[in-house]
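Peer 1: Dropping the structure in here first, questions after.
In this note's numbering, the protein residues as written are 237 to 381.
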């Protein structure tokens, strides 16, 4: 069996690849997620388009809620929730793909893939930053923020 970090990285790479494809094709994406099942297979998860969502935070919260229920059933090894975020610093703004990752072992990370998108739809990752995340999917926690 792989290490928790290695398992989370496999999930992260798959989810971020999908986010990049959505950005290239559509210029945006709504929050989505995925998990690594007991066989270490990746399962993608989205929220219902039939629901009326007022913002992307509600979508991310719905994914987190669903993942917390799954965690109680001891099925997944790791979860990932991917959102499109913007940063402002000294008047300049930048966009990033945020991958929140949590492993059943307690390993947790927030990884930001800063990107630019050309007029032709080409997405280029310009910088990657990571920080320790706050686990809340495999335990009783609050919604992702």
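The beta-carbon is built from N, C-alpha and C at its ideal position, and this holds for glycine as well.
The structure displayed is predicted, hence computed values, not measured ones.
#1: Using only CA atoms, which one of 258, 359, 357, 273 lies nearest to residue 307?
#2: What are the start and end residues of the beta strand (DSSP E) that includes residue 350?
#3: Counting only runs that start and end within the segment 280 to 333, where is the alpha helix (DSSP H) found for 4 or more residues in a row?
#4: Quick check on the DSSP output: the beta strand (DSSP E) that includes residue 359 runs from which residue to which?
#5: Taking its Cβ as the centre, do 16 or more other Cβ atoms sit within 10 Å of residue 269, making it buried, or is it exposed?
#6: Taking contact to mean at least 3 C-beta pairs separated by less than 8 Å, is the segment 274 to 287 in contact with the segment 360 to 369?
#7: Might you give, ordered along the chain, the residues of its own chain that have their beta carbon closer than 6 Å to the beta carbon of residue 238, omitting 5 neighbours on each side?
#8: Tell me the DSSP secondary structure of residue 268 in three-state form.
#9: Could you check the C-alpha separation between residue 240 and residue 337 for me, to the nearest Å?
#10: Between residue 335 and residue 251, how many whole angstroms is the CB-CB distance? I'm expecting something under 8 Å.
#11: Between the Cα of residue 297 and the Cα atoms of 316, 329, 311, which residue gives the shortest distance?
#12: Using three-state DSSP, classify residue 259 as helix, strand or coil.
#13: Could you give the DSSP three-state label for residue 373: helix, strand or coil?
Peer 2: In this structure, then:
#1: 273
#2: 344 to 353
#3: 292 to 308
#4: 359 to 368
#5: buried
#6: no
#7: none
#8: strand
#9: 11 Å
#10: 6 Å
#11: 316
#12: helix
#13: coil
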